[in-house]
Amino acid sequence: MSRPHLPSGVGRFFVLTFALTWLLWLPMLLAGHHLIGPVIGTVQSTLLLALGTAVPSFVALALAARSGGAAALLCGLTRWRLPARWYAAVLLIPAALMLTAVGLDVLLGGTAPSFASPERWPLVAVNFLAVLLIGGPLGEELGWRGYALPRLDLKLNSTAAAVLLGLVWAAWHLPLFLLPGTPQAQLPLVWFVLQTVAFSVLLAWVYRRTGGSLLLVVLLHGVVNTLAGPLRVLPTAGGTLRPYILITLLTVAAALLVSWQGQSGRPVRMLGAPTAALENR
């Protein structure tokens, strides 16, 4: 009996993504622990962090280009003709879940976040655009959901593919847990992994149910990253973990719901790439 194996393209994608990202983040790690000098400045650190988060998409495009599939991969970013309810869902549901977590925390004795004055609310939109471009979503999702997920779907059922991708995605973040000043440095690894896997299931659900709209996936990822700070679901040094734990549990519940109801959606095949070609990349 032949043993199941990952499509070769996925293995190459994972190895290259980890190697290049961690190589870019290594100077920050060494400087952060005073193992090299002079200490890397804020601008250099921001640049290295942004370049590292963009590696998954660049690697995916490079691998897809070898078989003429780069343009097809990018097509996912142009799939915007979707019912308005999808845009409402990716914009409002994350906010509702985070506000629920914050509300539960307040009921349990926590402190409510102080929201910015109305004249500063437009800055949230500016921050959202910055997060999309350099904070991870656009730099990651062409790789994780656009390139890796459809190939994992060829070998695994939909839930297993999303969970495996979530575990790999969580492992990719590991250097950030050792880097002072990052959100991950304040988080227990087990809760981060649990939330990342659950979020991977939800992102995969959106990707499949929208017929491969990377645009919606990037928007969802961006909304979550943008709101996590202002709504204080990410702990700060010396702060409480309870809001983060609560939002993690709510995310897990949502992931279990879409999996249990069999709503994970059909696998998406990259436009212009036949299944046989996907298996051999």
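Just so you know, numbering that gives the first Met the number 0 puts the end of the sequence shown at 280, numbered straight through with nothing missing. For glycine and all other residues, C-beta sits at the position ideal for the given N, C-alpha and C.
**Asked** For the putative contact between L28 and P121, defined by C-beta atoms under 8 Å, what is the C-beta separation to the nearest angstrom?
**Response** Going by Cβ atoms, the distance from L28 to P121 rounds to 36 Å, so no, they are not a contact pair.
**Prompt:** Alpha carbon to alpha carbon, what distance is there between V232 and Y243?
**Reply:** When only Cα atoms are considered, Y243 and V232 end up about 5 Å apart.
**Prompt:** For A197, does the count of other Cβ atoms within 10 angstroms reach 16, so buried, or fall short, so exposed?
**Reply:** A197 should be labelled buried.
**Item:** Cβ contact check for the segment 238 to 254 and the segment 136 to 156: 3 or more pairs under 8 Å
**Value:** The segment 238 to 254 and the segment 136 to 156 do not touch, with fewer than 3 CB-CB distances between them shorter than 8 Å.
**Asked** Just the Cα atoms here: how many angstroms apart are V14 and V105?
**Response** Rounded to the nearest whole angstrom, the CA to CA distance from V14 to V105 is 43 Å.
**Item:** the ligand SAM heavy atom lying under 7 Å from the CB of L233
**Value:** The ligand content of the structure shown is nil, which means the ligand SAM is not present either.
**Message:** Can you look up V232 in the DSSP assignment and give me helix, strand or coil?
**Reply:** Coil at V232, not helix or strand.
**Prompt:** Which first and last residues belong to the alpha helix (DSSP H) in which G138 is found?
**Reply:** Unbroken alpha helix (DSSP H) run through G138: 136 to 140.
**Prompt:** Mapping DSSP to helix, strand and coil, what is A169?
**Reply:** A169: helix per DSSP, three-state reduction.
**Message:** Out of L201, L214, P234, which one is the CA nearest neighbour of V251?
**Reply:** In this structure, L201 is the residue among L201, L214, P234 with its C-alpha nearest to the C-alpha of V251.
**For V123 and A30, the rounded distance between their alpha carbons** = Just so you know, the alpha carbons of A30 and V123 end up roughly 31 Å apart.
**Request:** From the DSSP output, in three-state form, read off P26 for me.
**Result:** DSSP, reduced to helix, strand and coil, places P26 within a helical segment of the structure shown.
**Asked** How big is the Cα-Cα spacing for F191 and N224?
**Response** Rounded to whole angstroms, F191 and N224 show a C-alpha spacing of 14 Å.
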